[in-house]
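There are 2 protein chains.
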Amino acid sequence: MSEGAAGRPRVFLVDDHHLFRAGVRAELKDAVSVVGEADEVDAAVELIGERNPDVVLLDVHLPGGGGQAVIEAVRASAPEVRFLALSVSDAPEDVIAVIRAGARGYVTKAISGPELIDAVHRVAGGDAVFSPRLAGFVLDAFAALTPGVAAPSVDPELDQLSTREREVLRLIARGYTYKEVAKELSIATKTVETHVSAVLRKLQLSTRHQLTYWATERRLV
Amino acid sequence: MSEGAAGRPRVFLVDDHHLFRAGVRAELKDAVSVVGEADEVDAAVELIGERNPDVVLLDVHLPGGGGQAVIEAVRASAPEVRFLALSVSDAPEDVIAVIRAGARGYVTKAISGPELIDAVHRVAGGDAVFSPRLAGFVLDAFAALTPGVAAPSVDPELDQLSTREREVLRLIARGYTYKEVAKELSIATKTVETHVSAVLRKLQLSTRHQLTYWATERRLV
DNA sequence: GGACGCCTCGGGGGCATCCCCGATACCGCC
DNA sequence: GGCGGTATCGGGGATGCCCCCGAGGCGTCC
């Protein structure tokens, strides 16, 4: 997969500031082929699908959902497109969010033209590119994830539940039927129903499927 | 925390090849202060504790446990010491292992003298330094962990499903009822049932609850 | 043209889910 | 001793879920 990486990569530009796009275009025009641009999420997703770029230069803060939204939407239909985040922000949460979404690099807008050209070529060639300070954020997040230190955060929603209800919730979220939960906990199926009803009421949900979704979202499984 | 980052950082060298250490010393001697060296794990841990370096240049493959062992041992007593892995290996597992242990950078021994000097200074200053290709490994591992971005890796299980089945799966996994899915996709509830049955059969699951669990595990939502 | 897969529906039936209404029992609190 | 919360059960019923069987249309591949 050397999609023009050595030559002029096809680049798509997503940023809500017209002037900034113009600046990037001017800096890059000799080294890459700018195949399109957009200033908000929906238009970006649609156009990227049409223009088939090698690399998408993407601002993190966008009207309509942010850069992550673009990445997530495009990945589904065109997973081969590579994203390079290009943002004024150097906040760790922004960097992490966009990397988690699947960006292959993150540079700040303080970057010089030649450096940006180099970064685009690297990303097009399959490398990852980071401003060194920002790479540190990713490392921190990585290190924080691996030991499984899931933070003892107190969830007010979860706090309403009794211990028994939490046990039931855990098993239900794993896909157990009421009967299976009953067997596992050595209680009657009817009792499981009662607990589930209580959990659904307390969490303001209506079906056990939403419960599974709710629980896995919070990593309670 | 600018522990001599601007001047001559104190550097400690860990590598089991004497000749290589000599080479690094020669290349770095004008730009950094080499405060000690070691050729195996135990000696390295002990001497690092005594010499108090800013940065430890560390080979990944070492007699006595490997570079990770050094990092883990030193972190306990002197967490402010920064590690820069310097290795012939560019294997993903080596990179990941040493990053997980806590290294703030990873460069290969193919690096030039000036580049190495720059890398040492950056790490001393708090930045992270990576060869671009190696940074990609970390990103992949990160994405695989955070689960959700699971990479361009094509899931053989998911591959069996038709596009329509995947659409249905996505909605079901979100907690939609058949009726809601039907409305969303503008098809009959019975058709949704058919699709779900096909999905369950292909994925060898038996209930839609397991399906929700399966999907959220793989972050297909 | 026929085989095959996908998408679209339907009938019917068994079981699961979730609600309503009850009940008994334990435990801590005022 | 009441009062509230939790845990344990049950009947009954509406709905959802999942499977069995069937069907026609549409596209691709040989």
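Listed in order, the protein sequences are those of chains X and B. FYI, this note's numbering numbers position 70 of the first sequence as 73, with every residue one higher than the one before it. FYI, this note's numbering numbers position 177 of the second sequence as 180, with every residue one higher than the one before it. Ideal Cβ placement from N, Cα and C applies to all residues, glycine included. Predicted model only: the values in this text are computed from it and were never measured.
Three or more beta-carbon pairs under 8 Å between the stretch 36 to 53 of chain B and the stretch 74 to 84 of chain B, yes or no? Yes: the two stretches touch, three or more of their Cβ pairs being nearer than 8 Å.
Taking the Cβ atom as the reference point for each residue, do A88/B and V63/B lie within a distance shorter than 8 Å? Yes, the Cβ-Cβ distance between A88/B and V63/B is below 8 Å.
Output yes or no for whether 8 Å exceeds the beta carbon distance between F15/X and V35/X. In this structure, the beta-carbon distance from F15/X to V35/X does not fall below 8 Å.
Integer-rounded CB distance, given that G108/B should sit under 8 Å from V132/B: With 8 Å as the limit, V132/B and G108/B qualify as a contact, their Cβ atoms being about 4 Å apart.
Excluding sequence positions up to five away, which residues of its chain have a Cβ less than 6 Å from the Cβ of A127/X? The residues are A8, P12, D57 and V58.
Using 8 Å as the limit for Cβ to Cβ distance, is R221/X near chain B? Closer than 8 Å: no.
What residues from chain B crowd round Y109/X, counting only those whose CB sits closer than 7 Å? What Y109/X touches in chain B: nothing, since even the nearest Cβ is about 10 Å away.
Check whether the Cβ of A138/X lies closer than 8 Å to any Cβ atom in chain B. So, interface residue.
For V27/B, which residues of its own chain have a beta-carbon under 7 Å away from its beta-carbon, when the five flanking residues on both sides are left out? Excluding positions up to five away in sequence, the list reads L16 and L60.
With a 10 Å radius around its C-beta and 16 neighbouring C-beta atoms as the bar for buried, classify G52/X as buried or exposed. Around the beta carbon of G52/X, fewer than 16 other beta carbons lie within 10 angstroms, which makes this residue exposed.
So the candidates are T210/B, V110/B, D19/B and Y179/B; which of them puts its Cα closest to the Cα of G68/B? That would be D19/B, whose Cα lies nearest to the Cα of G68/B.
Cα separation between H212/X and L31/X? Going by the C-alpha atoms only, they are around 49 Å apart.
Same chain, Cβ closer than 6 Å to E40/B, five either side skipped, listed in chain order: L16 and R24.
Per DSSP, which residues does A41/B bridge with? Please list them. Its beta-bridge partners are V17/B.
A101/X, DSSP secondary structure in three states: Going by the sequence as given, residue 101/X is Val instead of Ala. Here V101/X sits in helix by DSSP.
Residues in the stretch 10 to 33 of chain B having any Cβ partner in chain X nearer than 7 Å: The stretch 10 to 33 of chain B vs chain X, Cβ under 7 Å: nothing.
Where T197/B falls: helix, strand or coil (DSSP): Collapsing the DSSP output to three states places T197/B in a helix.
So that I know if they touch, is there some Cβ in chain X lying closer than 8 Å to that of T197/B? Using a Cβ-Cβ cut-off of 8 Å, T197/B does not count as an interface residue toward chain X, since no Cβ of chain X sits closer than that to its own.
Residue closest to P82/B, alpha-carbon to alpha-carbon, out of A201/B, I99/B, A104/B and V110/B: Of the listed residues, the one whose Cα sits closest to P82/B is A104/B.
Identify the contact partners of R177/B in chain X, using a Cβ-Cβ distance below 7 Å as the criterion. Listed by position along chain X, the residues whose Cβ is nearer than 7 Å to that of R177/B are Y216.
Chain-ordered neighbours of L213/B on chain X, where CB pairs are closer than 7 Å: Inspection of the sequence shows that residue 213/B is occupied by Gln rather than by Leu. For the C-beta of Q213/B, the chain X residues within less than 7 Å are, from N- to C-terminus, G178.
Grab me the residues of D185/B's own chain with a C-beta within less than 8 Å of its C-beta, minus the 5 sequence neighbours each way, in chain order. Contrary to the premise, residue 185/B reads as Ala rather than Asp in this sequence. Spatial neighbours of A185/B in its own chain (CB-CB distance under 8 Å, excluding positions within 5 residues in sequence) are listed in chain order as A191, T192, T194 and V195.
When the cut-off is 8 Å and only beta carbons count, does T192/X lie next to chain B? Among the residues facing chain B, T192/X is not included, as its CB has no counterpart in that chain under 8 Å away.
Between which residues of its own chain and T111/X is the CB-CB distance below 6 Å, once the five residues before and five after are set aside? Closer than 6 Å at the Cβ level, and outside the excluded window around T111/X, lie D93 and S134.
For T166/B, return the contacting residues in chain X, with the cut-off set at a CB-CB distance below 7 Å. Those within 7 Å of T166/B in chain X number zero; the least Cβ separation is about 10 Å.
Excluding sequence positions up to five away, which residues of its chain have a Cβ less than 8 Å from the Cβ of V123/B? Exclusion of the five residues before and after V123/B leaves P12, V14, L31, A34, V35, V58, L60 and L87 as the residues of its chain whose Cβ lies within less than 8 Å of its Cβ.
Could you tell me which residues DSSP puts in a beta bridge with F23/X? In the DSSP output, where bridge partners are listed per residue, F23/X has none listed.
If the criterion is Cβ atoms closer than 8 Å, does the pair V101/B and G70/B meet it? Contact: yes.
Starting from V171/X and walking both ways along the alpha helix (DSSP H), at which residues does that stretch end? Judged by DSSP secondary structure, V171/X falls within the alpha helix (DSSP H) whose first and last residues are T166 to A176.
With a Cβ-Cβ cutoff of 8 Å, do L203/B and L188/B count as a contact? The answer is no: Cβ separation not under 8 Å.
Can you tell me whether E220/B is buried or exposed? The criterion is at least 16 other CB atoms within 10 Å of its CB, across all chains shown. Label assigned to E220/B: exposed.
Specify the secondary structure class of A72/B as computed by DSSP and reduced to three states. In the three-state DSSP reduction, A72/B falls in the helix class (H, G or I).
Can you tell me whether A138/X is helix, strand or coil according to DSSP? DSSP, read as helix, strand or coil, puts A138/X in helix.
The alpha helix (DSSP H) that contains Y215/B, what's its start and end? Going by the sequence as given, residue 215/B is Thr instead of Tyr. It spans R211 to E220 - the alpha helix (DSSP H) in which T215/B sits, taken as one unbroken run.
Can you name the start and end residues of the alpha helix (DSSP H) that A227/B belongs to? Not covered by the structure: residue 227/B. The range shown for chain B is 4 to 224.
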